[in-house]
Amino acid sequence: MRSDVFLTERRGEHREPAHTTSTGPDRPSGVENIVTAVELDGIWKRFPGVIANAGASLTVAPGSVHAVLGENGAGKTTLMNVLAGVYRPDEGTVRLDDVEQSFSKPADAIAAGVGMVYQEFRLIPTFTVTENVVLGSAPAVLSKSALETEVGELAERFGLQTNPGREVWQLSMGERQRVEILKALWRDARVLILDEPTAVLTPDEAAELGRITAAMAGEGRSIIFISHKLDEVKTFCDEATVLRGGKTVASSLSVDDLDAGRMAELMVGEATAVSQRRVRTNPIGEHVLAVDDMVVHDVHGRAVVAGVSLTVAEGEIVGIAGVAGNGQRPLADAIAGLTPASQGRVSIGSTDLTKLNPRSRNANGLAYVPEDRIGVGLAPRMNAVDNAILRTYRSLGDGPFIDRSAAEDRATDLIERYNIKVGRVDQPLAGLSGGNLQRLLVGRELDDNPIALIAAQPTRGLDVQGVKAIQEIIVDQAVDGVGVLLISEDLEELFALSDRLLVMHEGSVVAEFDPDTATRAEVGAAMAGAGAH
Amino acid sequence: MITFLSDIGVLLSDTGMWKNLIEFGILLFLAALGEVIAEKSGVLNLGVEGMMAVGAMTGYWAGIQTGSPWAAIIIAAVAVALFATLHGVVSVVLGADQVVSGLALTILGLGLAAFLGTDLVSQAPGAKFDDLSLGALSELPGVGPTLFSMDAMGWVALFFGALTWFVINRTRAGLNLRAVGESAATADAAGTPVVGTRLIAVAIGGAFAGLAGAYLTLKITPSWNESIVGGLGWIAVALVIFGAWRPGRVLIGALLFGGLIAVGPRFQTRRCNGDEITNCITTEINPILVSMLPYLLTILVLVVLSIRSRNRPSVAPAAIGQAYRREER
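If you're matching them up, the sequences are chains A and B in order. For the first sequence, my numbering assigns the number -19 to the initial residue and increments by one for each residue that follows. For the second sequence, my numbering assigns the number 2 to the initial residue and increments by one for each residue that follows.
Structure representation (structure tokens):
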């Protein structure tokens, strides 16, 4: 209700995106000769094993609020970091107000008028609001009261409620975000990037943010609003650009043309099947993995998993679809025992795992390929042998000692079986490509013949061959009778591999589909929360 | 009990004790002020003891060479600033562990000063800071012969204390210094040079340690031997924590710790013996116990600070001990 009222209010203002009216007589006078505030063209950015941007582009009109949409891993944050001077693009050009830019550090982008508000705020908790705002562009001698008055006036001009003299550690998340926005405004940012700004906000605070971005756009500034929530994009933004797999798949769409189905289609891809639906050859057996009424709270006490029950049968692949951040990760971590569940039971076969630690769960036949293959899954500064035996080193031991030659045999065996390309087994993993890392991780997890496998985003960021190899391994496991819980943001993959498809939204399983009969639009709508309560 | 009270009376009426308290207070204040500046930038420098030894030796040598205590103390400050830069380069530029590098600086400094100062042990002092008379003020009872007769370095130290407070809290340089010490990544993103700020802070911290060391051999004990610093550097490190990284509190702590240093030996030198029964001390206290008190008090303050920081951020600079490297994913 609140946001509807707000929507009408804001739409009533006269500030259409400039380029849609570039031939019209009534463009705002301040931006007369400037067609685009931001123009990113053909941006490529590669990281070891991952191509984050593959020719992405973005055009933002002056005085507009522009949404950048895409799934996790679509390359949104990388593209924004290119604009903010954090990364140098491998190829492509950055233009601000039609002038080509070459940023070598964030300070260059700040000087050119680009401000970025990261999801994790970059504020100093023991500094006051004012000290945080002026840091980096403060006068030589600080007059506390004069600066606080100045910051207070700036905040007021944009309707940002804040207390300039308070220390940041005392503020709520919404207030901290306003301090970040103030930092950008203090430097007179012409372009403000907000990276999933509403993720940490209450609904009231989010509505407040919408008023602030509208006030900024009203002054001719441009706001880039990274999001994957349709309703806020429609409420707060004028136009939207959609990224998928590092490429721009739709640029500068009017948000009025966007609905849940279209957005899901753009974000997760159209029905042009890349992978073939697998033909089931094995029968589905008894339940091997059961989760009953699981609840997980995050550090702020919010129920990020709100009562999930599911079962996976022998030889079955159960897919979980959902927009990132809807509880998939804490669910997987809690089943594996890495995150404590506040409530609920986990069992494998007839064994109750609820009270067991991760090692014991693993010993009972539960394998877990976590979302963060580096960090949680593998230790990048250790070598292939040490990583290969992380799970099973106890069986290679003789008292406190590890049999190194047996360990090397185990690693060599994994490397051969899963076709992993490593230079030398005694070198740190850090230089390996994503596909090789993932094959090593998956191979290690499957090494001691699990009963059930949780695979979280197993093919994210991999190239085509890497995706195919991992998907084949997963299907082979199912054929061998392993029950697989496949958590993915890639709908193609879920449709191709799953026997049943569950959709998570805001911590709950809101829908179940049969991939043979369901359409992508139906699943997409469920992911966006349509029909959820 | 009555004898204990009369013992305290004896100590409090001892002008020599008060002069000693002020001198050790000045020394500790200078050294700790330097460490506050370094730690505010996020660099722990455990080399204070070694830096003071280098300063004490250099100051003594320069006093003999120049005959001027001012020239001598400035030479010592510059020399130790350069010496401290070794720690700066190793821990800030190269990112080595600050604790290891700082301890190495202490060991190196003690050895270097002993080695270079071998010939100085037998030499008479060439320069000395004299008490500074402030006319009528120095005639006042009590504070006249003590506070208002202290040498010029005392006033210089107070001036530096006020200056340090002002720079840290009221200038852009201080804001950058604190930001670099709280979160180097945040400061870097805001365009503050992290490495440069930290290097300068460590060098200034070294200069202050040099002043403190030279003050020892140009005023308190005008002589040189290799063990002359005798743990004063470690008391200065503890004093930074005791003073919660704030110049004003560090001054109070410096006077308190300076008092303990001044009082300790007097339990022996002023002990009643033989026929002497008035104006002397009867209580038996081992001076080693007294010399432990600064550390005990520091532990007490640490406990209080950690209880206080349960619901709020610690008063210690958050980035202390952490090397900073800008990351590209």
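We put the CB at the ideal spot given by N, CA and C, even for glycine.
Determine the direct distance from the alpha carbon of residue j to that of residue i, and round the result to whole angstroms.
i: Val402(A); j: Leu111(B); result: 50 angstroms
i: Gly241(A); j: Ala47(A); result: 17 angstroms
i: Pro266(B); j: Asn21(B); result: 11 angstroms
i: Ala501(A); j: Asn367(A); result: 41 angstroms
i: Ser108(B); j: Gly51(B); result: Residue 108(B) is actually Ile in this sequence, not Ser. Each residue's alpha carbon lies about 6 angstroms from the other.
i: Leu6(B); j: Leu290(B); result: 19 angstroms
i: Leu219(B); j: Gly26(B); result: 15 angstroms
i: Thr16(B); j: Leu148(B); result: 10 angstroms
i: Ser14(B); j: Leu47(B); result: 37 angstroms
i: Gly118(B); j: Trp166(B); result: 35 angstroms
i: Cys281(B); j: Leu28(B); result: 28 angstroms
i: Tyr325(B); j: Val195(B); result: 8 angstroms
i: Leu545(A); j: Asn363(A); result: Any answer about residue 545(A) is impossible in this case: the structure gives chain A only from -19 up to 513.
i: Asp383(A); j: Ala188(B); result: 48 angstroms
i: Leu257(B); j: Val238(B); result: 15 angstroms
i: Met517(A); j: Lys214(A); result: Residue coverage of chain A in this structure runs from -19 to 513, which leaves residue 517(A) outside it and unanswerable.
i: Val1(B); j: Phe30(B); result: Missing from the structure shown is residue 1(B); chain B here goes from 2 to 330 and no further.
i: Val93(B); j: Leu409(A); result: 28 angstroms
i: Gln66(B); j: Thr270(B); result: 35 angstroms
i: Pro344(B); j: Gly175(B); result: For residue 344(B) there is no data in the structure shown, the boundaries of chain B being 2 and 330.
i: Tyr348(A); j: Arg341(A); result: 10 angstroms
i: Asp98(B); j: Gly322(B); result: 7 angstroms
Let's see if you can read the secondary structure: which residues bound the alpha helix (DSSP H) around residue i?
i: Trp149(A); result: Element bounds for Trp149(A): n/a, residue is neither H nor E.
i: Val305(B); result: Pro288 to Arg309
i: Ser92(B); result: Element bounds for Ser92(B): n/a, residue is neither H nor E.
i: Gly170(B); result: The sequence given here has Asn at residue 170(B), not Gly. Taken as a continuous stretch (DSSP letters only), the alpha helix (DSSP H) holding Asn170(B) covers Ala153 to Arg171.
i: Ala387(A); result: Arg384 to Arg397
i: Tyr348(A); result: That residue, Tyr348(A), is in no alpha helix (DSSP H); its beta strand (DSSP E) goes Leu346 to Val349.
i: Gly50(A); result: That residue, Gly50(A), is in no alpha helix (DSSP H); it is neither H nor E in DSSP.
i: Thr4(B); result: Ile3 to Leu13
i: Leu109(B); result: Gln99 to Leu117
DSSP state of residue i, grouped into three classes?
i: Leu442(A); result: coil
i: Ala245(B); result: coil
i: Gly234(B); result: helix
i: Ala198(A); result: Going by the sequence as given, residue 198(A) is Gly instead of Ala. Helix.
i: Glu219(A); result: strand
i: Ile65(B); result: helix
i: Gln124(B); result: coil
i: Pro146(B); result: coil
i: Tyr67(A); result: coil
i: Glu472(A); result: helix
i: Leu421(A); result: helix
i: Met18(B); result: helix
List the whole-angstrom C-beta distance separating residue i from residue j, where the pair is believed to meet the contact cut-off of C-beta under 8 angstroms.
i: Trp166(A); j: Ser117(A); result: 7 angstroms
i: Val81(B); j: Gly207(B); result: 5 angstroms
i: Ile161(A); j: Ile204(A); result: Contact flag wrong, Cβ pair sits at about 13 angstroms.
i: Glu388(A); j: Val365(A); result: 5 angstroms
i: Leu200(B); j: Thr86(B); result: 7 angstroms
i: Leu466(A); j: Val298(A); result: 7 angstroms
i: Leu531(A); j: Ala36(A); result: Outside the shown range of chain A (-19 to 513) lies residue 531(A), about which nothing can therefore be said.
i: Ala508(A); j: Leu210(A); result: 6 angstroms
Considering just the uninterrupted stretch of the beta strand (DSSP E) at residue i, what are its terminal residues?
i: Arg26(A); result: Val18 to Phe27
i: Lys124(A); result: Segment Lys124 to Arg137 is the alpha helix (DSSP H) holding Lys124(A); no beta strand (DSSP E) there.
i: Gln323(A); result: Gln323 to Ile328
i: Gly463(A); result: Gly463 to Ile467
i: Ile297(A); result: Ile297 to Ala301
i: Arg480(A); result: Arg480 to His485
i: Gly116(A); result: Here Gly116(A) belongs to no beta strand (DSSP E), and DSSP marks it neither H nor E.
i: Phe107(A); result: Where Phe107(A) is concerned, there is no enclosing beta strand (DSSP E), given that its DSSP letter is neither H nor E.
i: Glu95(A); result: Here residue 95(A) is Gly; the residue named in the question, Glu, does not match the sequence. Element bounds for Gly95(A): Val94 to Val97.
i: Asp175(A); result: Val171 to Asp175
Using only the heavy atoms of the ligand ADP, determine whether one of them is closer than 7 angstroms to the beta carbon of residue i.
i: Gly154(A); result: This structure lacks the ligand ADP, and indeed carries no ligand of any kind.
Checklist entry - Is it true that the stretch 390 to 405 of chain A meets the stretch 416 to 433 of chain A, where meeting means three or more beta-carbon pairs spaced less than 8 angstroms apart? => result yes
Checklist entry - Does the stretch 107 to 115 of chain A come close enough to the stretch 173 to 187 of chain A to have 3 or more Cβ pairs within less than 8 angstroms? => result no
Checklist entry - Can at least three beta-carbon pairs, one atom from the stretch 141 to 152 of chain A and one from the stretch 86 to 98 of chain A, be found at a separation below 8 angstroms? => result no
Checklist entry - Below 8 angstroms, can you find three or more Cβ-Cβ pairs linking the stretch 308 to 320 of chain A to the stretch 473 to 482 of chain A? => result no
Item to check | Contacting positions in the stretch 93 to 112 of chain A - beta carbon closer than 8 angstroms to chain C | outcome: The chain labelled as chain C is not found among the protein chains of the depicted structure, namely A and B.
Checklist entry - Touch check for the stretch 134 to 147 of chain B and the stretch 71 to 84 of chain A: three-plus C-beta pairs under 8 angstroms? => result no
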